[in-house]
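Residue 1 is where the sequence shown starts when you use full-length UniProt numbering, and the numbers rise one by one after that.
Here a beta-carbon is modelled for each residue, glycine too, at the ideal position from N, C-alpha and C.
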Amino acid sequence: MKTKERKQEDKINRDLAENIKQVKKVFQDCSDVIYREIQLSEHIQGLLVYIEGIIKVEDVQQHILRPLIEGLAQHPQADGEIYPLSFTRVSLSQAQSATDWPAVINGVLTANVAIFVEGMDEVLLFSVKGGSRRSVTEPQTEAVIRGPREGFTESLRINTALIRFKIKTEKLKLLDMVIGKVTKTDVALAYIEGLAEENLIADVKERLENIDIDGILESGYIEEWIEDNPSSPFPQMQYSERPDSVAAQLLEGRVAIFVDGTPFVLIAPVTLWQLLQASEDYYERFFISNMIRWIRFFFLFLALFLPSLYIAVTTFHQDMLPSTLILSIAASREAIPFPALVEAFIMEISFEALREAGIRLPKTVGQAVSILGALVIGQAAVQAGIVSAPMVIVVSLTGIASFTVPRFGLAVTVRMLRFPIMLLASAFGLFGIVIGAVWIVVHLTQLKSFGVPYMNGIAPYVPEDTKDIFSRVPMWKMKKRPSDASRANMQRIGKSRPLGSDSNEGW
1 MKTKERKQED KINRDLAENI KQVKKVFQDC SDVIYREIQL SEHIQGLLVY IEGIIKVEDV
61 QQHILRPLIE GLAQHPQADG EIYPLSFTRV SLSQAQSATD WPAVINGVLT ANVAIFVEGM
121 DEVLLFSVKG GSRRSVTEPQ TEAVIRGPRE GFTESLRINT ALIRFKIKTE KLKLLDMVIG
181 KVTKTDVALA YIEGLAEENL IADVKERLEN IDIDGILESG YIEEWIEDNP SSPFPQMQYS
241 ERPDSVAAQL LEGRVAIFVD GTPFVLIAPV TLWQLLQASE DYYERFFISN MIRWIRFFFL
301 FLALFLPSLY IAVTTFHQDM LPSTLILSIA ASREAIPFPA LVEAFIMEIS FEALREAGIR
361 LPKTVGQAVS ILGALVIGQA AVQAGIVSAP MVIVVSLTGI ASFTVPRFGL AVTVRMLRFP
421 IMLLASAFGL FGIVIGAVWI VVHLTQLKSF GVPYMNGIAP YVPEDTKDIF SRVPMWKMKK
481 RPSDASRANM QRIGKSRPLG SDSNEGW
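Here it is, written out as structure tokens:
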């Protein structure tokens with residue numbers, strides 16, 4: 001009985017004065033809510049309600065107020081009533097009606113203009129979403145030498161439009177949902193029908209619908225909610241602000257999650273090899289891409305193990321180095337009061353602090369602080385006898401190596417894992433490094449991203465997938481999609497071959 005009474009209270013009243021009283025009660029102390037009363041005819045009044053700053057004022061003036069003021073919104077009948085407001089000449093395509101207060105309030109909060117009319121228990125909501133938003137610019141975190149220069153913005157519909165520009169097919173689907181009880185953030189799940197597996201789509205959709213939280217301010221909120229193993233340091237979803245990267249992943253059968261208010265789009269599922277690939281790997285010829293990829297793998301190894309190798313060799317395995325080199329290192333460390341582990345920790349933590357300061361400071365100051373800080377602190381520490389010159393070289397090489405990892409999430413993971421491996425190296429030497437490496441490999445083989453093995457292609461071994469892991473074969477040789485993404489439609493390339501390909505059958 002109470003539910004029926006409450007539903008009756010939620011209905012829009014035919015009395016405009018009562019509606020004005022109710023809407024002003026709901027938006028009490030909201031200075032950005034605008035109320036515009038209009039005279040539709042001699043006996044009929046109306047009210048426009050919208051939030052300033054999130055709508056296009058020009059559209060309200062041109063396409064709503066002008067037709068209404070000119071008397072085009074009403075048409076008296078013989079019995080004195082008027083036609084529904086949907087019969088107006090308001091020239092806006094996105095319109096919907098509402099007959100209860102929750103729908104009206106939600107419409108106003110989501111950049112709609114609500115129009116109340118005396119004698120009508122129906123409210124029309126016209127979408128005039130606008131306001132000041134950042135325009136499409138070059139991505140800040142995924143710069144390339146060759147490739148598109150456009151990046152996602154904080155507007156959900158601009159981002160989905162950028163994908164539509166690249167994938168012109170009706171099979172590109174976008175499922176909209178709202179997450180966050182307070183923020184009511186718009187989220188869109190994108191996939192290509194026929195490429196993405198049905199169980200993957202259903203799994204991602206179910207995980208998104210099960211999120212129960214007050215607010216979503218960035219896609220990172222969602223990432224923590226829906227990943228398979230939240231306790232793992234390795235990222236189990238890829239995020240990107242490049243439309244070409246997201247389009248490429250959709251074409252391989254993966255799904256993308258767009259979140260309003262952030263330029264970073266989530267991609268699932270993900271593998272370790274995917275996080276080590278850059279979009280530019282596919283824009284350059286495969287010879288160049290392979291060389292860059294091999295350099296990237298080598299420096300990934302250095303970023304993870306170089307300080308630990310230095311600690312292990314100088315502490316336990318001096319006989320592994322040439323005599324001249326070990327004498328040079330010993331001479332440089334003669335006056336150092338700390339063991340190699342403490343020395344490494346001092347320099348690594350200082351380097352991480354400088355890197356963080358360089359990011360947080362304004363751009364004009366940040367780069368100068370990070371570069372000068374590293375030079376001044378490193379030189380001063382060597383001269384003061386706190387750290388040795390070889391350790392400064394090792395830490396510098398390690399820092400440079402970590403920048404070669406194309407995905408920030410994986411780069412941070414490597415930086416974090418470096419410290420426990422250094423502890424193992426100081427306790428057990430090279431044997432400790434092997435223990436750390438085995439632990440990482442075992443963890444990676446057990447890790448999954450939406451049911452897909454994290455090291456798919458190598459563990460489990462899939463011969464077809466190895467064409468794009470440690471090296472990339474020519475584009476026209478990658479005829480099938482990765483097995484981790486799309487099993488429904490594996491074929492990517494038809495029977496056509498480039499001119500001159502007959503002489504390259506050895507690849």
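Can you tell me the Cβ-Cβ gap for G429 and A335, rounded? I've got them flagged as a contact below 8 angstroms.
Here residue 429 is taken as the residue at index 429 of the sequence shown, counted from 1. Here residue 335 is taken as the residue at index 335 of the sequence shown, counted from 1. Not confirmed; about 24 angstroms, so no contact.
Mapping DSSP to helix, strand and coil, what is I349?
Your numbering for residue 349 matches position 349 in the sequence shown. Helix at I349.
Answer yes or no: do P390 and A344 have a C-beta to C-beta separation smaller than 8 angstroms?
For the purposes of this step, residue 390 is taken as the residue at position 390 of the sequence shown. For the purposes of this step, residue 344 is taken as the residue at position 344 of the sequence shown. For P390 and A344, no; Cβs fall outside 8 angstroms.
Grouping DSSP H, G and I as helix and E and B as strand, with all else coil, what is E197?
To locate residue 197, count along the sequence shown from 1; it is residue 197. DSSP places E197 in coil when its eight states are reduced to three.
For Y283, does the three-state DSSP call read helix, strand or coil?
Taking the first residue of the sequence shown as 1, we reach residue 283 at position 283. It is coil, neither helix nor strand.
Taking Cβ to Cβ, would you say A111 is nearer than 8 angstroms to I55?
The sequence position of residue 111 within the sequence shown is 111, counting from 1. The sequence position of residue 55 within the sequence shown is 55, counting from 1. Contact flag set, yes.
For the alpha helix (DSSP H) that residue 538 lies in, which residues bound it at each end?
In the structure as shown, the chain begins at 1 and stops at 507. Residue 538 is therefore absent and cannot be evaluated.
Does DSSP put Y454 in a helix, in a strand, or in coil?
Translated into the one-based positions of the sequence shown, residue 454 becomes position 454. Three-state result, Y454: coil.
Between F297 and L276, what straight-line distance do the alpha-carbon atoms span, to the nearest angstrom?
By 1-based counting over the sequence shown, the position of residue 297 is 297. By 1-based counting over the sequence shown, the position of residue 276 is 276. The alpha-carbon atoms of F297 and L276 are separated by roughly 8 angstroms.
Can you tell me where the alpha helix (DSSP H) holding Q274 begins and where it ends?
Counting from 1 along the sequence shown, the entry for residue 274 is found at position 274. Taken as a continuous stretch (DSSP letters only), the alpha helix (DSSP H) holding Q274 covers 272-275.
Look at V270 and M291 and say whether their C-beta atoms are less than 8 angstroms apart.
Taking the sequence shown and counting its residues from 1, the one referred to as residue 270 is at position 270. Taking the sequence shown and counting its residues from 1, the one referred to as residue 291 is at position 291. Taking 8 angstroms as the Cβ cut-off, V270 and M291 do not qualify as a contacting pair.
If we count the other Cβ atoms within 10 Å of its Cβ and call it buried at 16 or more, is P230 buried or exposed?
On the sequence shown, position 230 is the one that residue 230 refers to. Classification for P230: exposed.
With DSSP as the reference, label T183 as helix, strand or coil.
Reading the sequence shown from its first residue, position 183 is the one you call residue 183. Correct three-state label for T183: coil.
Taking the C-alpha atoms as reference points, what is the distance between Q96 and A17?
Counting from one through the sequence shown, the residue named residue 96 turns up at place 96. Counting from one through the sequence shown, the residue named residue 17 turns up at place 17. Q96 and A17: Cα-Cα distance of roughly 23 angstroms.
Have a look at L208, K171, T185, M177 and flag the residue whose alpha-carbon is nearest the alpha-carbon of I192.
Along the sequence shown, read from residue 1 onward, the residue named residue 192 stands at position 192. Ranking the options by Cα distance to I192, first place goes to K171.
Look up M177 in the DSSP assignment and give the residues it is bridged to.
Here residue 177 is taken as the residue at index 177 of the sequence shown, counted from 1. DSSP lists V187 as partners of M177.
My output table needs one value for D468: the three-state DSSP class, helix, strand or coil.
Here the question's residue 468 lines up with position 468 in the sequence shown. Three-state DSSP puts D468 in a strand.
Put K171 into one of helix, strand or coil per three-state DSSP.
In the sequence shown, counting from the first residue as 1, residue 171 sits at position 171. Coil, per DSSP.
Is the CB-CB distance between I145 and E241 below 8 angstroms?
Locating residue 145 in the sequence shown gives position 145, where the first residue counts as 1. Locating residue 241 in the sequence shown gives position 241, where the first residue counts as 1. No, these two residues do not count as a Cβ contact at 8 angstroms.
Quick one, which of W294, L341, L447 has its alpha-carbon nearest A401's?
Taking the sequence shown and counting its residues from 1, one reaches residue 401 at position 401. Comparing Cα positions, the closest option is W294.
Any idea if D319 is buried or exposed, counting beta-carbon neighbours within 10 angstroms, 16 or more meaning buried?
The residue labelled residue 319 in the question sits at position 319 within the sequence shown. Counting Cβ neighbours within 10 Å, D319 comes out exposed, since fewer than 16 surround it.
Judging by CA-CA distance, which residue of G409, P420, P263, I12 is the nearest neighbour of T137?
Looking up residue 137 in the sequence shown gives position 137. Of G409, P420, P263, I12, the residue nearest in Cα terms is P263.
So, under 8 angstroms CB-CB, G53 and D32 are touching, yes? Tell me the CB distance rounded to an integer number of Å.
Start at 1 with the first residue of the sequence shown, and residue 53 comes out as number 53. Start at 1 with the first residue of the sequence shown, and residue 32 comes out as number 32. Yes, they are in contact, since the Cβ atoms of G53 and D32 sit about 6 angstroms apart, within 8 angstroms.
Decide if M347 is buried, meaning its Cβ has at least 16 other Cβ atoms within 10 Å, or exposed.
Translated into positions along the sequence shown, residue 347 becomes position 347. Buried, since its Cβ has 16 or more Cβ neighbours within 10 Å.
Over the uninterrupted alpha helix (DSSP H) stretch that includes Q446, give me the two end residues.
Within the sequence shown, residue 446 is the residue found at index 446, counting from 1. Note, Q446: alpha helix (DSSP H), 430-446.
Can you tell me whether DSSP reads F152 as helix, strand or coil?
Reading the sequence shown from its first residue, position 152 is the one you call residue 152. It is coil, neither helix nor strand.
In angstroms, rounded to a whole number, what distance separates the CA positions of P76 and S41?
Working through the sequence shown from its first residue, we reach residue 76 at position 76. Working through the sequence shown from its first residue, we reach residue 41 at position 41. Only weak support exists for where P76 lies, its pLDDT of 47 falling under 50; the value from the coordinates is given anyway. Distance between the alpha carbons of P76 and S41 is about 9 angstroms.
Based on DSSP bridge pairs, tell me the residues matched to N106.
Here residue 106 refers to the residue found at position 106 of the sequence shown. Partner(s): none; N106 has no beta bridge.
Helix, strand or coil, according to DSSP, for A17 in the structure here?
Taking the first residue of the sequence shown as 1, we reach residue 17 at position 17. Helix.
Taking 7 angstroms as the cut-off, is the beta-carbon of D32 closer than that to any non-hydrogen atom of the ligand FMN?
You won't find the ligand FMN in this model; it holds no ligand whatsoever.
Tell me which same chain residues have a C-beta within less than 7 angstroms of the C-beta of T99, skipping the five on either side of it?
In the sequence shown, counting from the first residue as 1, residue 99 sits at position 99. Answer for T99: K11, I12, D121, E122, listed in chain order.
Here's a check: name, in chain order, each residue in its chain whose Cβ is nearer than 6 angstroms to the Cβ of R14, leaving out the five neighbours to either side.
Within the sequence shown, the letter at position 14 stands for residue 14. For R14, where only same-chain residues beyond five positions count, the Cβ hits under 6 angstroms are G119, D121.
Between the Cα of K129 and those of N489, E58, F152, spot the shortest distance and give me the residue it belongs to.
In the sequence shown, residue 129 corresponds to position 129, counting from 1. Cα-wise, what sits closest to K129 is E58.
Are the CB atoms of I433 and F305 within a distance shorter than 8 angstroms?
As a position in the sequence shown, residue 305 is number 305, starting the count at 1. As a position in the sequence shown, residue 433 is number 433, starting the count at 1. Yes; because the gap between Cβ atoms is below 8 angstroms, this pair is in contact.
Are the beta-carbon atoms belonging to V259 and V182 less than 8 angstroms from one another?
Position 259 of the sequence shown, counted from the first residue, corresponds to residue 259. Position 182 of the sequence shown, counted from the first residue, corresponds to residue 182. Result no, Cβ atoms of V259 and V182 do not sit closer than 8 angstroms.
Let me know the secondary structure DSSP gives F316 once reduced to three states.
In the sequence shown, residue 316 corresponds to position 316, counting from 1. Reduced to three states, the DSSP call for F316 is coil.
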